[in-house]
Amino acid sequence: MKIQQISIFLENAAGRMAEVTRVLKDGGINLRAIMIADTADFGILRIITDNPEKTMQILHDANFTIKTTAVLAVTVRDKVGSLADVLTLFEKNGINIEYLYAALNIKGETAVIIFKVEDVEKGLKVVEENNLSSEPGF
Numbered sequence: 005m006k007i008q009q010i011s012i013f014l015e016n017a018a019g020r021m022a023e024v025t026r027v028l029k030d031g032g033i034n035l036r037a038i039m040i041a042d043t044a045d046f047g048i049l050r051i052i053t054d055n056p057e058k059t060m061q062i063l064h065d066a067n068f069t070i071k072t073t074a075v076l077a078v079t080v081r082d083k084v085g086s087l088a089d090v091l092t093l094f095e096k097n098g099i100n101i102e103y104l105y106a107a108l109n110i111k112g113e114t115a116v117i118i119f120k121v122e123d124v125e126k127g128l129k130v131v132e133e134n135n136l137s138s139e140p141g142f
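Count along the sequence shown from 1, then add 4; that gives the number in this note's numbering.
So, in structure tokens, the structure goes:
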């Protein structure tokens with residue numbers, strides 16, 4: 005399934021992630037997945053939420069620098085080799101993965117892997133043809 009990821013650009017300073025999550029909490033936004041990448045001077049907080057449009061408006065109103073990106077959400081079984089199987093499928097179909105991160109199901113039965121791929125439409129086609137989709141509401 006193709007979904008919207010929101011990237012928030014933050015200076016590397018104590019409390020900046022807390023500020024973002026506080027703003028989202030106050031706005032009634034539920035996080036589905038979260039990941040941070042950093043450099044010496046700034047970080048990129050990547051999030052998936054239950055309401056991307058509302059999230060973007062809330063963050064914009066709070067003066068955060070944001071960007072949206074289409075990513076793929078793929079549900080895999082929480083068992084040995086599940087990720088390797090999806091990565092092999094992408095490899096065989098020439099899908100270049102730029103980065104990925106995961107969100108585990110609370111019951112431990114499945115995980116949702118978020119893939120940022122070079123060609124999201126080609127990746128989506130492979131996902132759909134192989135019946136790999138995210139859980140409803142993710």
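Note that beta-carbon positions come from the ideal geometry of N, C-alpha and C, so glycine has one too.
For residue i, the residue or residues it bridges with in DSSP
i          : result
residue 42 : 47
residue 80 : 115
residue 92 : DSSP lists no partner for residue 92.
residue 52 : 37
residue 69 : 13
Coarse secondary structure for residue i, derived from DSSP in three states
i           : result
residue 119 : strand
residue 136 : coil
residue 10  : strand
residue 74  : strand
residue 99  : coil
residue 107 : strand
residue 37  : strand
residue 21  : helix
residue 60  : helix
Cβ neighbours of residue i in the same chain (closer than 7 Å, five flanking residues each side left out)
i           : result
residue 147 : The displayed coordinates of the chain run from 5 to 142. Any statement about residue 147 would go beyond what the structure contains.
residue 80  : 86, 87, 90, 114, 115, 117
residue 100 : 121, 122
Under 8 Å between C-beta atoms of residue i and residue j
i           : j           : result
residue 52  : residue 7   : yes
residue 72  : residue 118 : no
residue 38  : residue 13  : no
residue 107 : residue 116 : yes
residue 91  : residue 134 : no
Beta-carbon contacts of residue i that lie in its chain and below 8 Å, excluding the five residues immediately before and after
i          : result
residue 27 : 62, 63, 66, 68
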